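Colleague:
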Ligand code: 5GP
Ligand code: ZN
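Residue numbers (the numbering used here): 62 to 176.
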């Protein structure tokens, strides 16, 4: 684990977070600066800098991340109205933490195209 990686530290519980899901492979927690009524981050244990480094070998893990996000959407009852899953890659997309994460955003209407 890269020593400076914030999300590796959250996975290792070295940095506290409001966790909403955890198993051996995946953790989900509340974003510290929510931009929607529901704003949860889902991360894998494995340190992968971004979606750009994903390979077919990550397929099951990636599907599980999305399944965890879907389950939280169900719990928060935003599945009917809808929600957005976002992977930011690189500075122009607004990525600030270089450990793979998907944003689960919901609870309000969202603009398209995104800003
Ligand atoms: P990115 O901009 O890389 O796609 O998303 C990173 C997200 O991590 C941002 O939405 C930011 O608010 C969130 N974040 C940054 N630092 C922390 C932290 O220490 N704890 C939590 N829970 N979220 C964080
Ligand atoms: Zn990491």
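Glycine residues also receive a C-beta, built at the ideal position from the N, C-alpha and C atoms.
Small disclaimer: the values here were computed from a predicted structure and weren't measured.
For the candidate residues 152, 83, 167, 87, whose alpha-carbon lies nearest to that of residue 104?
Modeller: Residue 104 has its Cα closest to that of 87, out of 152, 83, 167, 87.
Colleague: Let me know if residue 162 comes out buried or exposed under the rule of 16 or more other beta-carbons within 10 Å of its beta-carbon.
Modeller: Result: buried.
Colleague: My output table needs one value for residue 136: the three-state DSSP class, helix, strand or coil.
Modeller: Three-state DSSP puts residue 136 in a helix.
Colleague: Beta carbon of residue 94: closer than 7 Å to some heavy atom of the ligand 5GP?
Modeller: Yes, the ligand 5GP has a heavy atom inside 7 Å of this Cβ.
Colleague: Among 140, 112, 144, which one has its Cα closest to the Cα of residue 173?
Modeller: Minimum Cα distance to residue 173 is reached at 144.
Colleague: Please go through the same chain and pick out, in chain order, the residues whose beta-carbon is closer than 7 Å to the beta-carbon of residue 148, but skip the five residues on each side of it.
Modeller: The residues are 112, 163.
Colleague: Rank 125, 120, 66, 142 by C-alpha distance to the C-alpha of residue 82 and give the top, closest one.
Modeller: Taking only the C-alpha atoms, the option nearest residue 82 is 125.
Colleague: Tell me whether the stretch 67–77 and the stretch 133–143 touch, counting them as touching only if at least three CB pairs, one residue from each stretch, are closer than 8 Å.
Modeller: No: fewer than three Cβ pairs fall under 8 Å.
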